[in-house]
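Q: Chains as they are written, first to last, in the working numbering: chain B, 445 to 610; chain E, 1022 to 1347.
(1) Alpha carbon to alpha carbon, how far is residue 529 (chain B) from residue 452 (chain B)? Give it in angstroms, no decimals.
(2) On the DSSP letters alone, give me the boundaries of the alpha helix (DSSP H) that residue 1123 (chain E) sits inside.
(3) With a threshold of 7 angstroms on Cβ separation, who are the neighbours of residue 536 (chain B) within its own chain once the five nearest residues in sequence on each side are excluded?
(4) Assuming residue 1280 (chain E) is part of the beta strand (DSSP E), what are its boundary residues?
(5) Please tell me whether residue 1296 (chain E) and residue 1327 (chain E) are closer than 8 angstroms, where the distance is taken between their beta carbons.
(6) Among all the DSSP beta bridges, which residues are the ones paired with residue 1156 (chain E)?
(7) Among residues of its own chain, excluding the 5 on either side of residue 478 (chain B), which ones have a beta-carbon nearer than 8 angstroms to its beta-carbon?
(8) Tell me which residue opens and which closes the alpha helix (DSSP H) that residue 552 (chain B) is part of.
(9) Could you compute how far the alpha carbon of residue 492 (chain B) sits from the alpha carbon of residue 445 (chain B)?
(10) Does residue 1059 (chain E) come out as helix, strand or coil in the three-state DSSP assignment?
(11) Of all the options E:1281, E:1139, E:1040, E:1153, which has the alpha carbon lying nearest to the alpha carbon of residue 1162 (chain E)?
(12) Establish whether the CB of residue 496 (chain B) and some CB of chain E are separated by less than 8 angstroms.
(13) Tell me the DSSP bridge mates of residue 1204 (chain E)?
(14) Against chain B, does residue 1271 (chain E) count as a neighbour if the rule is that its beta carbon must be under 8 angstroms from one of theirs?
(15) Assess, as a yes-or-no matter, whether the stretch 1034-1044 of chain E is touched by the stretch 549-562 of chain B under the definition of 3 or more beta carbon pairs within less than 8 angstroms.
(16) Which of the three DSSP states, helix, strand or coil, is assigned to residue 1328 (chain E)?
(17) Would you kindly check if the distance between the Cβ of residue 1187 (chain E) and the Cβ of residue 1263 (chain E) is under 8 angstroms?
(18) For residue 597 (chain B) and chain E, any beta-carbon pair shorter than 8 angstroms?
(19) Under the rule that 16 or more other beta-carbon atoms within 10 Å means buried, what is residue 1317 (chain E), buried or exposed?
(20) Which of the three DSSP states, helix, strand or coil, is assigned to residue 995 (chain E)?
(21) Which of helix, strand or coil does DSSP assign to residue 1347 (chain E)?
(22) Taking residue 1203 (chain E) as the reference, which of E:1233, E:1137, E:1169, E:1214 has the closest Cα?
(23) Rounded to whole angstroms, what's the CA-CA distance from residue 527 (chain B) to residue 551 (chain B)? Just pull it up for me.
(24) Spatial neighbours of residue 1298 (chain E) within its chain, please: CB distance less than 6 angstroms, with the 5 preceding and 5 following residues excluded, ordered by chain position.
(25) Beta-carbon separation of residue 1125 (chain E) and residue 1052 (chain E) under 8 angstroms?
(26) Skipping 5 residues on each side, what residues in its chain have a beta carbon closer than 6 angstroms to that of residue 1064 (chain E)?
(27) Residues in the stretch 1236-1256 of chain E with C-beta within 7 angstroms of chain B's C-beta atoms, listed in sequence order?
(28) Sort out for me which residues DSSP pairs residue 1309 (chain E) with in a bridge.
(29) Measuring only the C-alpha atoms, how far is residue 1080 (chain E) from residue 521 (chain B)?
(30) Taking the CB atoms as reference points, tell me whether residue 583 (chain B) and residue 606 (chain B) lie closer together than 8 angstroms.
(31) Between residue 1027 (chain E) and chain B, is there a C-beta pair that is closer than 8 angstroms?
(32) Going along chain E, which residues have a C-beta under 7 angstroms from residue 545 (chain B)?
(33) Excluding the five sequence neighbours on either side, which residues of its own chain have a C-beta within less than 7 angstroms of the C-beta of residue 589 (chain B), listed in chain order?
(34) In whole angstroms, what separates the C-alpha of residue 474 (chain B) from that of residue 1119 (chain E)?
(35) Excluding five sequence neighbours on each side, which residues of the same chain lie with their C-beta closer than 6 angstroms to the C-beta of residue 1193 (chain E)?
(36) So, residue 1167 (chain E) versus residue 1219 (chain E), is the Cβ gap smaller than 8 angstroms?
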């Protein structure tokens, strides 16, 4: 079975060493997903696989036959940006922009995770529905580093989208 | 990354047969293994992908709970019964890694994750765990993350995980299958001390695969996971304490404690529960418990701080659980 990326099927690579990240960038030509550390520490490579965010650098492309992958290109486009993309623009949630595709993929999935009631290390009551506090956002986004330090505006952008959906 | 053959296991027996080869490794979530393959710390000739086996279920097992080896860390931490009946486990999982990693990481893989010792992950450095007989760079080297309990002259690495520390406090059991056998190992006995074979992290034999972890019937009580680390998210434990504590008439009736970041395995010392159970909580008693825990502790320079840190972390957990002021 092929892998589906942003609704387009692609054949898997012959070399099993190819990471999902390298496959997206070099084979599928989708360079929006960025390679930062390549070790799962920075989150620049975050994509959604079957709706769930993962580090694409730590996953082999050959393991993803039949999976549906969504990258930053699949969330929105320059003419039709997603709500989260618009919020990052509105709040200036970046400086150099390198971590931004990962931040936006991560934030988009994160709001779904909160809606689904998944707890985090910042959740006071494990049995209650988590609330979208600043502390929760920072903890849940700790897998996405921003070396420019745009964190305050990233949190503002996420809160803005969450507020509109509340 | 070195070239390897990729095989997809269709059945557990098939995976176990393939994994019996010393040059074959099982791939589940891959968040640790693929990283180590990039670093050429792990160089399997064959990778058997067990990720599509039906081992992801979390289900009641009598009054207890069986967590499938392929259940993601996220699925386990978000499971309603884990949150209500085994909160120390949910807390420990959520204190580790990031959401992206927990979404991919599995129960079995988490138990088998390897040390983050800087000498182990750098193939230019000596490491008896990675390459037996080459020596230990951490002894007399950079050893801030390293063990203070149960070390050997060959290795002072720590087991890095959080989940297994909670499982040790909860006295969970690891279910293991081979090609033609099954066995159960208490999680407290699953990881090994380094001794003179630090290359072996745990008791899994070639050809054996973890199929699930079973939790005993819930015991209630106060459950705490306290993790001390250098930043407030996404960092390994310098020291952690998982505690399941119950009291009646101002005396301990249960004090199941396990410690992370201190040893080559989640550390569990049954003498601590023996000391505490039946006694009234007090700072003096907590001090005695720490004395027992740290009786044979030994620092290696950079990690000397872990000995007083473990004492303070244990005291803080016992104070929180009992309401005693330190």
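Ideal placement from N, C-alpha and C gives every residue a C-beta, glycine not left out.
A: Taking the geometry as given:
(1) Approximately 22 angstroms between the Cα atoms of the pair.
(2) 1120-1125
(3) 597
(4) 1272-1281
(5) no
(6) Paired residues: none, contrary to the question.
(7) 488, 489, 542, 543, 545, 546
(8) 544-559
(9) Taking the straight line from one Cα to the other gives about 19 angstroms.
(10) helix
(11) E:1139
(12) yes
(13) E:1197
(14) no
(15) Segments in contact, no.
(16) helix
(17) Going by C-beta atoms, residue 1263 (chain E) is nearer than 8 angstroms to residue 1187 (chain E).
(18) Chain E, which has no Cβ nearer than 8 angstroms to the Cβ of residue 597 (chain B), makes this no.
(19) Result: exposed.
(20) Here chain E covers residues 1022 to 1347 and nothing more, so residue 995 (chain E) does not appear.
(21) coil
(22) Answer by Cα proximity: E:1233.
(23) 11 angstroms
(24) So the list reads 1273, 1276, once near-sequence residues are dropped.
(25) yes
(26) 1023
(27) 1254, 1255
(28) According to DSSP, residue 1309 (chain E) bridges with nothing at all.
(29) The straight-line gap from Cα to Cα measures roughly 42 angstroms.
(30) no
(31) yes
(32) Near residue 545 (chain B) there are no residues of chain E at all, since even the closest Cβ is about 14 angstroms away, more than 7 angstroms.
(33) Within the same chain, residue 589 (chain B) has close Cβ partners 486, 487, 543.
(34) 25 angstroms
(35) 1208, 1234, 1236
(36) no
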